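S.K.:
Number of protein chains: 4
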Amino acid sequence: MISAAIVGGTGYTGIELIRLLSAHPEVSIDLLTSRSEAGTRADEIFPSLRGISDLVFSDLGNETLSTLQQCDVVFFATPHGVAMKQAEALTQAGVKVIDLAADFRLQSLADFEHWYQQPHACPDLLKTAVYGLPELNRDKLANALIVGNPGCYPTTAILGLKPIIEAQNQQANRLIEARIVIDAKSGVSGAGRQASIALNYAETTDNFKAYGVTGHRHLPEIEQGIAQLLNSQFTHRVRFLPHLVPMIRGMFSSIHLELTDAGQGVDWQQVFENSYASEAFIDVMPRGMYPDTRSVRASNRLRIAVHQDNERAELTILVVQDNLVKGAAGQAVQNMNVMFGLNETLGLNAAPIVP
Amino acid sequence: MISAAIVGGTGYTGIELIRLLSAHPEVSIDLLTSRSEAGTRADEIFPSLRGISDLVFSDLGNETLSTLQQCDVVFFATPHGVAMKQAEALTQAGVKVIDLAADFRLQSLADFEHWYQQPHACPDLLKTAVYGLPELNRDKLANALIVGNPGCYPTTAILGLKPIIEAQNQQANRLIEARIVIDAKSGVSGAGRQASIALNYAETTDNFKAYGVTGHRHLPEIEQGIAQLLNSQFTHRVRFLPHLVPMIRGMFSSIHLELTDAGQGVDWQQVFENSYASEAFIDVMPRGMYPDTRSVRASNRLRIAVHQDNERAELTILVVQDNLVKGAAGQAVQNMNVMFGLNETLGLNAAPIVP
Amino acid sequence: MISAAIVGGTGYTGIELIRLLSAHPEVSIDLLTSRSEAGTRADEIFPSLRGISDLVFSDLGNETLSTLQQCDVVFFATPHGVAMKQAEALTQAGVKVIDLAADFRLQSLADFEHWYQQPHACPDLLKTAVYGLPELNRDKLANALIVGNPGCYPTTAILGLKPIIEAQNQQANRLIEARIVIDAKSGVSGAGRQASIALNYAETTDNFKAYGVTGHRHLPEIEQGIAQLLNSQFTHRVRFLPHLVPMIRGMFSSIHLELTDAGQGVDWQQVFENSYASEAFIDVMPRGMYPDTRSVRASNRLRIAVHQDNERAELTILVVQDNLVKGAAGQAVQNMNVMFGLNETLGLNAAPIVP
Amino acid sequence: MISAAIVGGTGYTGIELIRLLSAHPEVSIDLLTSRSEAGTRADEIFPSLRGISDLVFSDLGNETLSTLQQCDVVFFATPHGVAMKQAEALTQAGVKVIDLAADFRLQSLADFEHWYQQPHACPDLLKTAVYGLPELNRDKLANALIVGNPGCYPTTAILGLKPIIEAQNQQANRLIEARIVIDAKSGVSGAGRQASIALNYAETTDNFKAYGVTGHRHLPEIEQGIAQLLNSQFTHRVRFLPHLVPMIRGMFSSIHLELTDAGQGVDWQQVFENSYASEAFIDVMPRGMYPDTRSVRASNRLRIAVHQDNERAELTILVVQDNLVKGAAGQAVQNMNVMFGLNETLGLNAAPIVP
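Residue numbers (the UniProt record's numbering), protein chains in the order written: chain E, 1 to 355; chain G, 1 to 355; chain P, 1 to 355; chain F, 1 to 355.
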């Protein structure tokens with residue numbers, strides 16, 4: 001059994017990790033920490049865990065740190081800036097670290113410090129961190145000590161673009177015009193479990209809005225993913241605009257691409273099907289189908305539909321995921337499975353909840 | 001024109017008052033105060049007011065108080081305990097006060113102090129305050145200086161029981177068994193516009209729960225209303241249980257009564273229709289119809305359905321209102337209309353919003 | 001492996017059965033039928049099943065019947081009146097039948113015909129059917145050929161009252177006054193997957209209403225459950241009123257009881273804890289806690305809170321379940337586990353989905 | 001008083017027309033028709049109208065037609081294809097016609113027949129019809145006999161692009177690259193009041209999806225609006241993708257534009273403010289603000305935010321409206337006001353409903 005700890009278990013990614021890891025046949029959650037709820041049972045905060053977990057939140061003091069160092073893996077379900085302060089002590093003790101916040105997502109120190117407005121606590125470790133998108137970095141993950149679990153939006157964007165960029169890499173002509181518009185929509189749980197008037201039920205229900213118009217932290221992460229994939233002279237400009245949907249879970253990214261004449265000659269449905277044929281969690285829907293977010297609710301599945309309209313030179317990629325699962329905790333468990341040499345789908349096979 | 005002020009305009013009853021009074025043909029809102037948002041335009045906080053209101057929030061300092069004293073009426077859309085501290089200075093200046101919080105609802109000082117856990121700031125004024133349910137106290141309201149605007153639940157409970165208690169008053173036999181179960185449900189806006197994890201969208205949506213099982217502050221207010229109506233040896237025991245419904249606005253009270261043999265001989269539909277025949281805002285639905293909360297959304301209407309089942313000795317009264325209108329701001333405006341001798345429906349005729 | 005069939009797989013209980021049985025380690029779904037969708041893959045109707053199930057809907061013709069007869073168990077997730085027409089052919093072939101509709105719930109033929117307005121197709125078989133509430137009828141279920149899976153409301157009502165009635169059975173004095181008010185609330189999925197204006201999103205969202213005021217089919221089922229438990233001179237009168245909550249899943253029953261003096265001497269929390277100590281799916285919450293429906297979302301758990309207020313002679317039992325799981329498909333699987341001698345919790349251990 | 005009739009009053013645009021016209025000081029609704037509900041009072045179908053309207057639905061037979069011919073204006077809140085069959089008889093009688101469906105939106109007969117898959121019943125009248133977007137066609141509307149009330153999406157798209165195209169018309173250089181991406185989102189009421197599994201609450205709540213990927217009927221209407229505005233060599237290619245949001249009312253269009261170097265030199269906020277300075281219903285929000293759909297709920301206001309990011313050459317226009325008001329019934333009333341020479345805002349001044 002893998003001994004796991006979850007630092008910061010009172011947020012939505014925290015409880016989702018508890019839910020997933022409690023059902024994982026090869027993992028034991030041995031420590032759960034929370035600054036604000038130290039001493040409280042997890043199932044007092046989340047009665048849904050009654051009968052599922054007996055864990056009690058610990059404070060993240062020195063004693064706890066020493067306990068953490070005896071775990072095999074520590075998940076940080078904390079705000080940005082926490083994991084990087086603990087990472088050195090843990091990795092030196094041989095503990096693998098999976099940070100669900102942003103401390104190890106951006107490989108560029110400058111980008112991190114620009115977008116997160118704080119110095120990085122361990123720039124050297126950052127260089128060794130692996131961006132935890134298994135469909136992109138499966139090999140590196142196998143030996144990773146520190147994993148930066150991707151942001152929710154970038155997961156949909158990068159996986160929605162990967163087959164296209166890889167197809168482009170193999171062509172002398174441009175297939176897709178340079179400008180990529182990613183119009184993305186997220187359920188409210190993506191904003192976290194926090195007290196905020198703006199997140200109050202009566203403020204968000206029966207309502208829809210955009211945010212982050214002039215720059216969202218997930219944009220550099222999307223650009224980094226594209227850059228990693230790109231092996232071509234044909235670069236791209238990404239327009240990323242997130243919106244808030246009155247739903248609990250779910251993320252929907254509408255990716256608008258313009259086909260060149262050469263691009264119109266490609267059968268993009270086939271490209272996607274080939275690209276993801278061996279991926280357990282990526283479902284390329286049949287031609288003409290539409291994904292909806294509920295079809296992946298509470299599941300680690302990410303669904304993609306490819307709509308090609310040569311008459312209008314349009315290629316539209318629609319991507320859905322559960323922002324808390326494939327967009328956060330599920331992906332973290334998938335990463336853990338890879339890091340520990342387990343079957344990648346272990347503990348992640350549950351069917352989506354519909355209706 | 002009546003010069004009105006709203007103290008505490010940043011909550012849901014506050015913005016609802018602004019919405020209603022802005023459309024009132026005989027009222028001018030001359031002052032709007034907020035401790036937290038002083039200096040900010042109301043339409044910055046609530047962009048829905050753009051083009052509707054140019055008001056800027058003032059702080060409630062000495063200068064403001066002096067301005068308040070020049071108004072004709074001051075609405076307090078504040079937490080409990082604020083209005084009672086200002087009431088004396090205002091009423092001495094001849095300003096009428098309508099408190100949408102609880103400071104002037106309970107006529108018993110002991111009850112107030114027990115349920116609200118604070119001493120009352122002006123017990124003498126409390127004696128002169130009128131409970132602002134026009135259908136109960138229309139005559140007293142005409143000359144009231146201070147009005148305690150009813151709680152949302154008590155409005156549905158008292159108006160749902162009034163015809164029954166009045167019918168009982170005229171009978172020598174018991175018509176209804178002593179125990180009255182009021183199972184009530186409220187939309188989330190009833191909890192106010194506040195930052196609270198428990199009110200977060202992802203906590204309240206797709207969810208239903210009870211609260212206040214062992215005692216809700218609206219119970220003594222319901223009991224007070226019944227006591228005022230009661231003129232009979234046949235007293236009642238009220239069980240009041242509130243629940244939280246994942247909807248923005250709306251309140252639904254299911255009142256469960258048991259008919260005696262004598263009570264089965266009464267045509268309760270007729271009793272209700274007669275009782276409310278002249279009330280502009282109370283709609284007794286035809287036999288067999290069901291009210292739903294959306295049918296009064298954004299309106300001052302309160303709808304009642306009377307379901308009598310002699311076979312099972314059941315009398316069920318279903319009452320709906322918009323908790324922010326008839327349950328708060330609309331009722332306050334209705335009270336103001338009565339207090340100033342205006343047509344009671346002035347500014348309150350808008351149709352409900354459906355869908 | 002148990003060979004199972006689902007007749008009528010396109011409704012919400014149907015897809016929930018597919019979801020649960022697909023993850024059940026001892027079951028293989030070998031047949032899925034639908035009149036309206038014959039020939040269509042289940043995952044075309046429900047894309048959430050893509051990668052989970054390859055099943056194709058069959059029509060329920062003669063050929064299918066012969067295939068059904070080779071199964072070990074057939075679940076009917078059909079409208080009322082379908083299962084009773086097939087039950088004889090199946091049970092004669094030794095196939096166990098679990099009907100999620102009402103054909104085998106009411107043991108009284110007269111009650112069935114009164115409430116469902118149709119003659120019963122197999123009155124003799126009805127006598128042998130077991131009411132599928134394992135917490136009530138576990139022993140009988142072990143040998144049952146036909147199981148009438150309980151209605152959703154009755155499950156909450158009967159399990160919310162069972163410890164009380166059993167306690168009463170052992171006392172010479174009345175503990176609880178005769179009148180029991182069950183004010184129940186259900187999510188919209190309880191109305192089924194059907195095309196209906198009344199169930200349209202824009203009709204049900206941000207709305208709350210009661211229905212079935214003058215008689216709901218689940219009332220005789222609740223009364224039957226109470227009658228089965230009752231072994232005392234102290235009978236009860238049940239008032240049952242259902243409401244529709246704008247949420248997908250979830251059921252909440254507020255049971256209002258009045259304590260006699262003797263009843264006030266009982267520690268009801270303890271009574272419930274003792275009564276359900278060995279039940280895997282029934283969670284009696286600690287004193288003072290409140291259940292909410294999301295705490296059991298997508299789980300077979302039923303949660304109960306006991307609130308006793310001697311000062312007001314009130315005993316309030318709050319019961320939550322997922323109407324599609326413990327209220328339907330989960331309970332059916334639990335019944336199947338009992339009927340086939342499996343561990344009762346097999347395939348039903350998944351944690352609730354929160355948020 | 002203007003004598004008005006509403007043909008097809010049982011849909012959402014129908015009830016919204018009843019709501020708005022009932023409060024209009026210069027209009028009397030003299031006839032209401034419905035095929036399916038003939039003989040029924042409107043307030044039986046929509047109890048929210050109890051006390052607001054006494055109207056009874058008539059069938060649309062010959063007798064009714066003759067009554068319609070005595071009205072001043074007839075609103076068609078019917079499916080596509082109904083108004084064009086009645087238009088000739090009405091206009092010959094001097095009755096003005098406002099069709100809320102699509103019969104008179106597209107001026108090109110070929111476009112109409114291609115997108116709506118039916119021959120047009122009165123091609124000659126079509127040539128005289130005016131596209132009822134007052135901000136575009138105010139002058140023509142003053143003398144119009146037949147008005148095609150715009151689709152909801154085109155209203156947001158055309159008004160969101162109008163200032164840009166008009167600015168472009170006056171420039172020798174391209175300001176905006178040719179490709180315009182309109183990623184639009186609508187509340188569920190936009191799909192109409194119909195019985196459909198896909199619109200069932202449990203199918204649409206907590207869910208998000210795209211539709212019409214390969215061609216939506218509102219696209220040619222958007223293109224027609226752009227073409228009307230365009231007076232420049234610089235044409236545009238529009239990508240229009242609609243989505244369904246789990247909310248009742250509200251429409252949000254995110255318009256993604258790419259600025260040329262010349263376009264970066266323009267202050268687009270100022271362009272929009274100037275362009276709409278005299279429009280009563282169009283609110284250009286201050287720099288940096290975000291619109292949300294609830295800020296226009298139940299109101300005829302359309303709100304626009306202009307976000308210009310020269311660093312990334314992005315111009316993002318965010319447009320919100322209530323799809324049933326400015327997107328349908330409110331715009332129809334606004335058109336009527338213009339057609340009858342009334343103050344354009346008459347009956348349309350109510351504040352949005354927030355929360």
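For each residue, glycine too, the CB sits at the ideal point set by N, CA and C.
This one's a predicted model, so the numbers in the text were calculated from it and none came from an experiment.
If I follow the unbroken beta strand (DSSP E) through residue 285/G, where does it start and stop?
M.R.: As a position in the second sequence, residue 285/G is number 285, starting the count at 1. First-last for residue 285/G: undefined, no H or E at that position.
S.K.: Using a Cβ-Cβ distance under 9 angstroms, would residue 293/G count as near chain P?
M.R.: Reading the second sequence from its first residue, position 293 is the one you call residue 293/G. For residue 293/G, the answer is yes, since a Cβ of chain P falls inside 9 angstroms of its Cβ.
S.K.: Going by Cα to Cα distance, which pick from 205/E, 161/E, 183/E, 197/E is closest to residue 268/E?
M.R.: Stepping through the first sequence from its first residue, residue 268/E is reached at position 268. Nearest option by C-alpha distance: 161/E.
S.K.: Can you tell me which of 98/G, 232/G, 197/G, 186/G puts its alpha carbon nearest to the alpha carbon of residue 17/G?
M.R.: Numbered from 1 along the second sequence, position 17 holds the residue referred to as residue 17/G. Comparing Cα positions, the closest option is 98/G.
S.K.: Please determine, among 113/G, 61/G, 196/G, 150/G, the residue with the shortest C-alpha to C-alpha distance to residue 8/G.
M.R.: As a working note, residue 8/G is residue 8 in the second sequence. Among 113/G, 61/G, 196/G, 150/G, the Cα nearest to that of residue 8/G belongs to 61/G.
S.K.: Do you know offhand how far residue 178/P's Cα is from residue 90/G's?
M.R.: Taking the first residue of the third sequence as 1, we reach residue 178/P at position 178. Taking the first residue of the second sequence as 1, we reach residue 90/G at position 90. Taking C-alpha positions only, residue 178/P is separated from residue 90/G by approximately 53 angstroms.
S.K.: Could you tell me the alpha carbon to alpha carbon distance between residue 66/E and residue 30/E, rounded to whole angstroms?
M.R.: Position 66 of the first sequence, counted from the start, is the residue given in the question as residue 66/E. Position 30 of the first sequence, counted from the start, is the residue given in the question as residue 30/E. Whole-angstrom Cα-Cα distance: 13 angstroms.
S.K.: In three-state terms, what does DSSP make of residue 51/G?
M.R.: Walking along the second sequence from the start, residue 51/G turns up at place 51. DSSP places residue 51/G in coil when its eight states are reduced to three.
S.K.: What would DSSP say about residue 124/G, mapped onto helix, strand or coil?
M.R.: The count along the second sequence starts at 1 and reaches residue 124/G at position 124. In the structure shown, residue 124/G sits in a helix (DSSP, three-state: H, G or I).
S.K.: Considering Cα atoms alone, identify which of 188/P, 189/P, 203/P, 325/P is closest to residue 195/F.
M.R.: The count along the fourth sequence starts at 1 and reaches residue 195/F at position 195. Looking at the Cα atoms, 203/P is the closest of the given residues.
S.K.: With DSSP run on the structure shown, which of helix, strand or coil describes residue 82/G?
M.R.: Residue numbering aside, residue 82/G sits at position 82 when the second sequence is read from its first letter. Correct three-state label for residue 82/G: coil.
S.K.: Note down, one range per segment and in chain order, each beta strand (DSSP E) of at least 3 residues found wholly within the UniProt domain "Semialdehyde dehydrogenase NAD-binding" (3-144) of chain E.
M.R.: 27-33, 73-76, 96-99
S.K.: Note down, in chain order, every chain P residue with its Cβ under 9 angstroms from the Cβ of residue 136/E.
M.R.: Residue numbering aside, residue 136/E sits at position 136 when the first sequence is read from its first letter. Near residue 136/E there are no residues of chain P at all, since even the closest Cβ is about 21 angstroms away, more than 9 angstroms.
S.K.: Span of the beta strand (DSSP E) holding residue 319/F?
M.R.: For this step, residue 319/F is matched to residue 319 along the fourth sequence. Unbroken beta strand (DSSP E) run through residue 319/F: 314-321.
S.K.: Whose Cβ in chain F lies nearer than 7 angstroms to the Cβ of residue 52/G?
M.R.: On the second sequence, residue 52/G is found 52 positions in, with the first residue counted as 1. Chain F residues near residue 52/G: 351.
S.K.: For residue 254/F, name the three-state secondary structure that DSSP assigns.
M.R.: Residue mapping note: residue 254/F aligns to position 254 of the fourth sequence, counting from 1. Residue state, collapsed to three classes: strand.
S.K.: CB residue 105/E to CB residue 154/E, shorter than 9 angstroms?
M.R.: Here residue 105/E refers to the residue found at position 105 when the first sequence is read from its first residue. Here residue 154/E refers to the residue found at position 154 when the first sequence is read from its first residue. Contact flag set, yes.
S.K.: Using 9 angstroms as the limit for Cβ to Cβ distance, is residue 197/G near chain E?
M.R.: Against the second sequence, residue 197/G aligns to sequence position 197. Judged by the 9 angstroms Cβ criterion, residue 197/G is in contact with chain E.
S.K.: Counting beta carbon pairs with one atom in the stretch 165-181 of chain G and one in the stretch 235-251 of chain G, are three or more of them shorter than 8 angstroms?
M.R.: The stretch 235-251 of chain G, when compared against the stretch 165-181 of chain G, does touch it at the 8 angstroms Cβ threshold.
S.K.: Within 10 angstroms of the Cβ of residue 110/E, are there 16 or more other Cβ atoms? Answer buried if so, exposed if not.
M.R.: To locate residue 110/E, count along the first sequence from 1; it is residue 110. Counting other Cβ atoms within 10 Å of its Cβ, residue 110/E stays below 16 and is therefore classed as exposed.
S.K.: Do you know offhand how far residue 283/G's Cα is from residue 135/G's?
M.R.: Position 283 of the second sequence, counted from the start, is the residue given in the question as residue 283/G. Position 135 of the second sequence, counted from the start, is the residue given in the question as residue 135/G. Whole-angstrom Cα-Cα distance: 13 angstroms.
S.K.: Does the distance from the C-beta atom of residue 11/P to that of residue 192/P stay below 9 angstroms?
M.R.: Counting from one through the third sequence, the residue named residue 11/P turns up at place 11. Counting from one through the third sequence, the residue named residue 192/P turns up at place 192. Result yes, Cβ atoms of residue 11/P and residue 192/P sit closer than 9 angstroms.
S.K.: Smallest Cα separation from residue 74/E: which of 56/E, 32/E, 343/E?
M.R.: The sequence position of residue 74/E within the first sequence is 74, counting from 1. When only C-alpha atoms are compared, the closest one is 32/E.
S.K.: Can you tell me which of the three DSSP states residue 267/E falls into?
M.R.: Mapped onto the first sequence, residue 267/E falls at position 267. Residue 267/E: coil per DSSP, three-state reduction.
S.K.: Between residue 207/F and chain E, is the shortest Cβ-Cβ distance under 9 angstroms, so that the two count as touching?
M.R.: Numbered from 1 along the fourth sequence, position 207 holds the residue referred to as residue 207/F. It does: the Cβ of residue 207/F has a partner Cβ on chain E nearer than 9 angstroms.
S.K.: Just reading off the beta strand (DSSP E) that residue 304/P is part of, what are its end residues?
M.R.: Taking the first residue of the third sequence as 1, we reach residue 304/P at position 304. Residues 302-309.
S.K.: Are the stretch 271-285 of chain F and the stretch 301-317 of chain F touching, with three or more C-beta to C-beta distances below 8 angstroms?
M.R.: yes
S.K.: Output the boundary residues of the alpha helix (DSSP H) element that contains residue 158/P.
M.R.: Residue numbering aside, residue 158/P sits at position 158 when the third sequence is read from its first letter. Run containing residue 158/P: 152-169, per the alpha helix (DSSP H) assignment.
S.K.: Could you name the residues that DSSP lists as bridge partners for residue 238/E?
M.R.: As a first step, residue 238/E is located in the first sequence; it is residue number 238 there, counting from the start. In the DSSP output, where bridge partners are listed per residue, residue 238/E has 180/E.
S.K.: Can you confirm whether the stretch 107-125 of chain P touches the stretch 310-322 of chain P when touching is taken to mean that 3 or more C-beta pairs between the two stretches lie within less than 8 angstroms?
M.R.: no
S.K.: Spell out the partners DSSP gives residue 185/F in its beta bridges.
M.R.: In the fourth sequence, residue 185/F corresponds to position 185, counting from 1. In the DSSP output, where bridge partners are listed per residue, residue 185/F has 243/F, 252/F.
S.K.: Can you say whether residue 102/P is buried or exposed, counting buried as having 16 or more other CB atoms within 10 angstroms of its CB?
M.R.: Here residue 102/P refers to the residue found at position 102 of the third sequence. With 16 or more Cβ atoms within 10 Å of its Cβ, residue 102/P is classed as buried.
S.K.: Are the Cβ atoms of residue 208/G and residue 245/P separated by less than 9 angstroms?
M.R.: Indexing the second sequence from 1 puts residue 208/G at position 208. Indexing the third sequence from 1 puts residue 245/P at position 245. In contact: residue 208/G and residue 245/P (Cβ atoms closer than 9 angstroms).
S.K.: Does any CB atom of chain F fall closer than 9 angstroms to the CB of residue 235/E?
M.R.: Taking the first sequence and counting its residues from 1, one reaches residue 235/E at position 235. Answer no: the Cβ-Cβ gap between residue 235/E and chain F never drops below 9 angstroms.
S.K.: For residue 56/F, which residues in the same chain have their Cβ closer than 6 angstroms to its Cβ, ignoring the five residues on either side in sequence?
M.R.: For this step, residue 56/F is matched to residue 56 along the fourth sequence. Result list for residue 56/F: 41, in chain order.
S.K.: Using a cut-off of 7 angstroms between C-beta atoms, extract the partners of residue 188/G located in chain E.
M.R.: Translated into the one-based positions of the second sequence, residue 188/G becomes position 188. Chain E residues near residue 188/G: 201, 202.
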